[in-house]
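K.L.:
To start, I am sharing the structure in question, which I have written as C-alpha cells.
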Amino acid sequence: MTAATDSVGPSLDALADAFATAHPAFATAPESLRFVRAPGRVNLIGEHTDYNDGLVLPAAVSLAIDLAFIPTDDRRVELSLLATGERGSFDLDAIGPRRGTWLDYVAGTAWALLEAGVPLRGFRGVLSSTIPAGAGLSSSAAIELASAWALSGGETPALQPMRLAQAAQRAENAYVGVLCGLMDQFAVTMGRAGHALRLDCRSLDWYPVALPAEVEIVVCHSSSPRRLEASAYNARRAECAAAVAAVAAREPAVTSLRDVDLTTLERSRERMGEIPYARAVHVISENARVIETEAALQAGDLEALRRLFAASHASLRDSFEVSSPELDALVGIASRTPGVVAARLTGAGFGGCTVNLVERGRSGALRDAVERDYPGLTGLIPRVFVVEAAAGTGLVRRPGAGA
Ligand code: ADP
Ligand code: MG
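Last residue of the sequence shown: 404 in our numbering, with the numbers rising by one and none dropped.
Written out as C-alpha cells, the structure is:
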C-alpha cells in the first residue's frame, strides 16, 4: 500500500489553459487574466479557544486554493473546478439562498461583502486546490477569501483586513450555516511566510510569531470522516457556556472562560457538573499553553514545545473529548519517531489532521513511519504534507509574466 504524499498544484500556466477551455468567450483577452492564491491554515495550538474569547496560534500554509479569473461588467459569476469540470454560477443581484454545494462559499462571500457595502464585480473563473477538503485545514475559508479578491475585481477588497476576515466568517456563519469562530478566516487573510499568528479572539489584537528555522511543519491527514462533528461541536460550545453560567452565578463580572482561572473555576465546580468543568479546564489550560508555546518558539525551546503539544493533545482527548482513535494513532506514531519535536491533533477534532513540528530535514522519517504503521492500525491510507508557513491571500503572477 502506498500513501498519497504532498500535492503539488497545477502551474498557473495550466490554470490559464483551463480557463481558456472553460470560458472561451473571455479567452481573447489573456492579459486581463488574474490569479489569486488563498492558503489553507494549520493551528499550532489554541484549540476550541476561539469561540471562548481565547488565544489561538495558527499559521497559513503552502497548501492553497488558486483561482484564475477575469473580472466582468455583467454582475454574473461563473466558476468551474479544475479537478472535476463542475460549474456553478449566480447573479450578484439575485444571489438567492444557500444551495448546499461548494458554490455557497462563493455566493455567501458575495452576500456578506455586499451587506458590508463593498462594491463587487462579476467574474469568470477556474478554481484549483491543493488543500484537502473537509480535513480541518480551512479549505472553506480559502475559497471565501479567494472569492473576495475575485469579486473585488482583482484589487484588494475595500475593507480593512480584519473586517474582511469577519465578513468571510459571516458568510460561513450566516449564509453557509457553519458556526465557526474567526480563526480560519483570520489566518487565511493575515498569513505571513515563516510565521505563526497569535490572535487574541477577544480584543482581536494579533501579531506574527517567527517560527524557529530549525523546525518544519508536517501535517498528517487521518483520512477519517469527521464523525458527529457539527452536533458535537455545538455540544462543546453549549458545555463551555454552561460552565460560564455556573461561574457567573457567583461572580457576575464573568462573561466568558477568558475571565476564569482554575482557582475561580474550582469554587464553582459543584454548581456546573463534571462535563462542563472538564471542558472549562481544557479551555483555561489551553490559553496558558498558547502563551507558553509562543515563548518556546521565540526561545527555540524544542523540549518545551514537545511537552506543550503533548499536554494539548491529552487535554483535547481526555477533558474536551474531541480526539479519535485515528488521531491518537497518528500522534502515537509521531511520538515514537526520531526527529519529531512535537505532535498533536489540530482543528476541531473528531477526525481531520495532526500538526507536527519536525527537525528540519527529518520529515522523511515521519512520512515513512506514518505510511508504514498507520494503515495497519486503522485500515486507512494517510496523507502526509510537509508545508511551510505561508503568506495570506493575495494576487500572484505567472513567472516571466512581466510587471
Ligand atoms: P475545511 O474548511 O476544514 O476544509 P469545511 O467543511 O469547512 O472543511 O469545508 C469543506 C467544503 O468546502 C467542502 O465540502 C466543499 O463544499 C468546499 N470545498 C473545499 N475545497 C474544495 C474544492 N477544491 N472544490 C470544491 N469545493 C471545495
Ligand atoms: Mg472550514
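Ideal Cβ positions, reconstructed from N, Cα and C, are used throughout, including at glycine.
This structure is a prediction, so every number in the text was calculated from the model and none was measured.
Rounded to a whole number of angstroms, what is the C-alpha to C-alpha distance between A95 and A108?
P.N.:
10 angstroms
K.L.:
State yes or no: is the C-beta of S63 within less than 8 angstroms of the C-beta of P40?
P.N.:
yes
K.L.:
Is it a yes or a no for the segment 335-348 touching the segment 312-326, going by three-plus beta-carbon pairs under 8 angstroms?
P.N.:
yes
K.L.:
What I want to know is whether the C-beta of C354 ends up closer than 7 angstroms to one or more non-hydrogen atoms of the ligand MG.
P.N.:
For C354, the shortest C-beta to heavy atom distance toward the ligand MG is 7 angstroms or greater.
K.L.:
From N288 to P72, what does the alpha carbon distance come to, in whole angstroms?
P.N.:
43 angstroms
K.L.:
Please check if any C-beta of chain B sits within less than 8 angstroms of the C-beta of E230.
P.N.:
Any reference to chain B falls outside this structure, which holds one protein chain only.
K.L.:
Give me, in chain order, the residues of the same chain whose beta-carbon lies closer than 6 angstroms to that of S148; leave out the 5 immediate sequence neighbours on both sides.
P.N.:
Cβ neighbours of S148 within its own chain (closer than 6 angstroms, five residues either side excluded): V107 and T110.
K.L.:
Have a look at D374, G340 and R42 and flag the residue whose alpha-carbon is nearest the alpha-carbon of R363.
P.N.:
Just measuring C-alpha positions, the residue of D374, G340 and R42 sitting nearest R363 is G340.
K.L.:
Under a Cβ-count criterion, where at least 16 other Cβ atoms within 10 Å of its own Cβ denotes burial, should G352 be classed as buried or exposed?
P.N.:
buried
K.L.:
What are the uninterrupted segments assigned as beta strand (DSSP E) that are 3 or more residues long and contained completely in the segment 212-292, given in chain order?
P.N.:
216-222
K.L.:
Give me the residue from E32, I382, L303 and S129 with the minimum Cα distance to E87.
P.N.:
S129
K.L.:
Just the Cα atoms here: how many angstroms apart are A5 and D105?
P.N.:
Residue placement at A5 is flagged as unreliable, the pLDDT there being 40, under the threshold of 50; the coordinate-derived value follows with that caveat. One C-alpha to the other measures close to 29 angstroms.
K.L.:
Beta-carbon distances below 6 angstroms to any heavy atom of the ligand MG define the shell here; list its residues in chain order, please.
P.N.:
S139, S141, A142 and D185
K.L.:
Can you name the start and end residues of the alpha helix (DSSP H) that R171 belongs to?
P.N.:
For R171, the uninterrupted alpha helix (DSSP H) run begins and ends at P162 to R171, by DSSP.
K.L.:
So the beta strand (DSSP E) I66 belongs to, where does it begin and stop?
P.N.:
L56 to T73
K.L.:
For a test of your reading of the model: does the CB of S81 fall under 7 angstroms from any non-hydrogen atom of the ligand ADP? Yes or no.
P.N.:
no
K.L.:
Considering only C-alpha positions, which residue in the set A231, A296 and A249 is nearest to A349?
P.N.:
A231
K.L.:
Comparing alpha-carbon positions, which option in L198, V177, V189 and A117 lies nearest A168?
P.N.:
A117
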